[in-house]
Amino acid sequence: LAKTTQPISMDSYEGQEVNITCSHNNIATNDYITWYQQFPSQGPRFIIQGYKTKVTNEVASLFIPADRKSSTLSLPRVSLSDTAVYYCLVRYSGGYQKVTFGIGTKLQVIP
Amino acid sequence: GAGVSQSPSNKVTEKGKDVELRCDPISGHTALYWYRQSLGQGLEFLIYFQGNSAPDKSGLPSDRFSAERTGGSVSTLTIQRTQQEDSAVYLCASSFAVLAEETQYFGPGTRLLVL
Numbered sequence: 033l034a035k036t037t038q039p040i041s042m043d044s045y046e047g048q049e050v051n052i053t054c055s056h057n058n059i060a061t062n063d064y065i066t067w068y069q070q071f072p073s074q075g076p077r078f079i080i081q082g083y084k085t086k087v088t089n090e091v092a093s094l095f096i097p098a099d100r101k102s103s104t105l106s107l108p109r110v111s112l113s114d115t116a117v118y119y120c121l122v123r124y125s126g127g128y129q130k131v132t133f134g135i136g137t138k139l140q141v142i143p
Numbered sequence: 151g152a153g154v155s156q157s158p159s160n161k162v163t164e165k166g167k168d169v170e171l172r173c174d175p176i177s178g179h180t181a182l183y184w185y186r187q188s189l190g191q192g193l194e195f196l197i198y199f200q201g202n203s204a205p206d207k208s209g210l211p212s213d214r215f216s217a218e219r220t221g222g223s224v225s226t227l228t229i230q231r232t233q234q235e236d237s238a239v240y241l242c243a244s245s246f247a248v249l250a251e252e253t254q255y256f257g258p259g260t261r262l263l264v265l
């Protein structure tokens with residue numbers, strides 16, 4: 033299982049772009065990179081997923097360099113409602129492996 | 151319903167009692183997952199189902215924990231002889247298939263407190 037490392041916490045002001053980087057040095061060829069968001073007292077919610085290069089949706093962008101040993105979740109112009117915990121996961125595409133979300137990155141958006 | 155539902159939303163029990171936690175996945179989702187989240191911690195994988203089968207039970211913390219799924223739909227997580235360390239939020243998720251690239255949709259969780 034690929035191990036992921038991400039900052040425990042980050043602070044940002046409203047309106048700024050936030051980038052959260054996740055390291056996954058032992059990512060395997062068939063692994064996907066997935067990010068989830070969790071608000072207090074709620075279950076995690078899928079944000080974005082990618083395999084390589086750049087993926088963008090209406091919520092965020094995901095940048096994955098060529099070696100895929102890290103990935104960066106980019107949230108444009110954050111608002112107070114983006115305050116949450118963000119989890120980076122590496123998941124094997126050949127089936128299902130036991131996945132542990134880790135502690136995640138607690139993002140605090142400041143007015 | 152439109153999403154994953156779990157019941158009860160909160161459960162307070164006494165040490166040594168058994169509890170049952172229920173998960174109703176999104177209709178048509180063949181895969182179902184159980185996680186546990188202790189206060190201030192990340193999510194710990196417990197078990198997953200593909201249809202009614204549970205290929206990987208290695209995440210269950212002890213033999214006091216068991217889970218079943220019937221009719222490829224509802225799942226029940228049972229904790230026997232509860233201990234205080236079992237206090238946590240138990241989250242259920244479902245996905246269309248058991249593939250890494252399939253999005254998991256989570257329920258709101260059951261908050262279990264063992265006194």
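For the record, the sequence lines run as chains U and L. Going by our numbering, the first residue of the first sequence is number 33, and it counts up by one from there. Going by our numbering, the first residue of the second sequence is number 151, and it counts up by one from there. In this text, a Cβ means the ideal position worked out from N, Cα and C, and glycines have one as well. Since this is a predicted model, take the numbers as computed values, not measurements.
Annotation: the continuous beta strand (DSSP E) that includes L/Pro205 extends over 203–206.
U/Tyr119 reaches chain L at Gly192, Leu193, counting residues in chain order whose Cβ is nearer than 8 Å. In this structure, the straight-line span from the alpha carbon of L/Phe256 to that of U/Gly75 is close to 5 Å.
Around the C-beta of U/Arg109, fewer than 16 other C-beta atoms lie within 10 Å, and the residue is accordingly described as exposed. For U/Thr37, the number of other beta carbons within 10 angstroms of its own is below 16, and it is reported as exposed. When C-beta distances to chain L are compared with 9 Å, the residues of the stretch 56–68 of chain U below that value are Asn62, Asp63, Tyr64, Thr66, Tyr68, in chain order.
Residues of the same chain with a CB within less than 8 Å of the CB of L/Gly178, apart from the 5 flanking positions on each side, are Phe246 in chain order.
Uninterrupted beta strand (DSSP E) stretches at least 3 residues long and entirely within the stretch 163–214 of chain L occur at 169–174, 181–187, 193–200, 203–206, given in chain order. Just measuring C-alpha positions, the residue of L/Ile176, L/Arg172, L/Gly192 sitting nearest U/Lys138 is L/Gly192. Pairing L/Cys173 with L/Ser225 gives a Cβ-Cβ distance under 7 Å. For the stretch 202–228 of chain L, the residues whose beta carbon sits under 9 Å from a beta carbon of chain U are, in order, Pro205, Asp206, Ser208, Gly209. No residue range can be given for L/Leu265, since it is assigned to no beta strand (DSSP E) and is classified by DSSP as neither H nor E.
A distance below 7 Å between beta-carbons, with the five flanking residues on each side excluded, links U/Asp114 to the following residues of its chain, in chain order: Leu107, Leu139, Val141.
Residue nearest to L/Cys242 within the set L/Leu227, L/Thr232, L/Glu235, L/Val248 is L/Leu227 (criterion: CA-CA distance).
Sixteen is the threshold: since fewer than 16 other Cβ atoms of the shown chains lie within 10 Å of the Cβ of U/Asp43, the residue is exposed.
Counting every other CB atom within 10 Å of its CB across the protein chains shown gives L/Phe199 a total of 16 or more, marking it as buried.
Contact check for U/Ile96 against U/Asn89 fails: the beta carbons are separated by 7 Å or more.
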